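In our numbering, the protein residues as written are 278 to 527.
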Amino acid sequence: NAKQGANIFGICHFAGDVFYDTTGFVEKNRDRLLDGLATLGESSTNIVVNTKFCADATANKKNKQRTVISKFKQQLNTLMTTLEDCAPHFVRCIKSNASKLPDNFHAKDVLSQMLYSGVLEVTRVRKAGFPYRISFDDFARKYHCCIENKEEKLVLKHSTNTNKIYSVPELCLKIPALNSNKESYRIGKTKIFLKATARDALDAARENALRRKVARFQAVIRGVQARETFEEYISIIHKLRVALAKDDAP
């Protein structure tokens, strides 16, 4: 590209186009021979090899300047030693804009960062498996309301009792959200593994079941309140009639 200069070239990497400047490129990346290799070459009985390695060894002794590659190797070894000595946890950060300003969201830049960092690929792979895992007891407490049969619901509701033996696959078949797609979940020894579709279907069924229960509960409460109000009105009317009857008496 003439605008960037004659000594600049670009390579299309996975993360995007990266441009390099060839000025001093060889000198910056020239690496010295390993000491063991130089010693081996100097001890060779072949005159050509011996002469070549002796000349390179002499040049290496005169030029002890550290190259970019040697610095990179040392830094990488130091980093690996540090990582092996601890248990690091990484937090992936997404920049909302290149200017580092608040309330400034560039959707295109955010999408490119997610694509190049592999976040979307990891999400796709995770969705293809069973990313959601829940223990039997937590599953029973959370989703027992999704069973419509009262008898089966009672068994699942009290399944947290460790003394009670119950069949988790049979209980899962009683939930319509799981029974409709048996490939969307797997039964482990202590947990149930769910796909994203199964988890979404269970949450939707649970929300609908809770809404029905809340509506029924509200209906009962409103019925009680209405009956109390009605009885109060009847009592007031009865008192008024008694009072009017006394006024009309001779």
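From the three backbone atoms N, C-alpha and C, an ideal C-beta is built for every residue, glycine too.
All of these numbers come straight from a predicted model, not from anything done at the bench.
Based on the DSSP secondary-structure assignment, which residues constitute the bridge partners of residue 293? As a working mapping, residue 293 is identified with position 16 in the sequence shown. BP columns for residue 293 point to 290.
Quick check: the Cα distance between residue 297 and residue 347, rounded to an integer number of angstroms? As a working note, residue 297 is residue 20 in the sequence shown. As a working note, residue 347 is residue 70 in the sequence shown. Distance between the alpha carbons of residue 297 and residue 347: 20 Å.
Pull up the distance between the alpha-carbon of residue 363 and that of residue 370, whole angstroms please. Mapped onto the sequence shown, residue 363 falls at position 86. Mapped onto the sequence shown, residue 370 falls at position 93. About 21 Å.
Inter-residue spacing [alpha-carbon to alpha-carbon] between residue 326 and residue 349: Position 49 of the sequence shown, counted from the start, is the residue given in the question as residue 326. Position 72 of the sequence shown, counted from the start, is the residue given in the question as residue 349. Answer to the nearest angstrom: the Cα atoms are 29 Å apart.
Who are the near neighbours of residue 483 in its chain, counting only those whose CB is closer than 8 Å to its CB and skipping five residues on each side? Numbered from 1 along the sequence shown, position 206 holds the residue referred to as residue 483. 419, 420, 422 and 423.
Within 10 Å of its beta-carbon, does residue 461 have 16 or more other beta-carbons around it, so buried, or fewer, so exposed? Position 184 of the sequence shown, counting from 1, holds the residue named residue 461. Residue 461 comes out buried.
Can you tell which of 399, 452, 396 and 387 has the C-alpha that lies nearest to the C-alpha of residue 417? Here residue 417 corresponds to residue number 140 of the sequence shown, with the count starting at 1. Residue 417 has its Cα closest to that of 452, out of 399, 452, 396 and 387.
Buried or exposed for residue 330, going by 16 or more other Cβ atoms inside 10 Å? On the sequence shown, residue 330 is found 53 positions in, with the first residue counted as 1. That one is buried.
From residue 372 to residue 283, what distance separates their C-alpha atoms? Residue 372 sits at position 95 when you count from the first residue of the sequence shown. Residue 283 sits at position 6 when you count from the first residue of the sequence shown. Taking the straight line joining both Cα atoms gives about 33 Å.
In three-state terms, what does DSSP make of residue 298? Looking up residue 298 in the sequence shown gives position 21. In this structure, residue 298 counts as strand in the three-state DSSP scheme.
Residue closest to residue 410, alpha-carbon to alpha-carbon, out of 501, 456, 464 and 299: The sequence position of residue 410 within the sequence shown is 133, counting from 1. Of the listed residues, the one whose Cα sits closest to residue 410 is 464.
For the beta strand (DSSP E) that residue 542 lies in, which residues bound it at each end? With the chain represented from 278 up to 527, any question about residue 542 goes unanswered, as that position is not in the structure.
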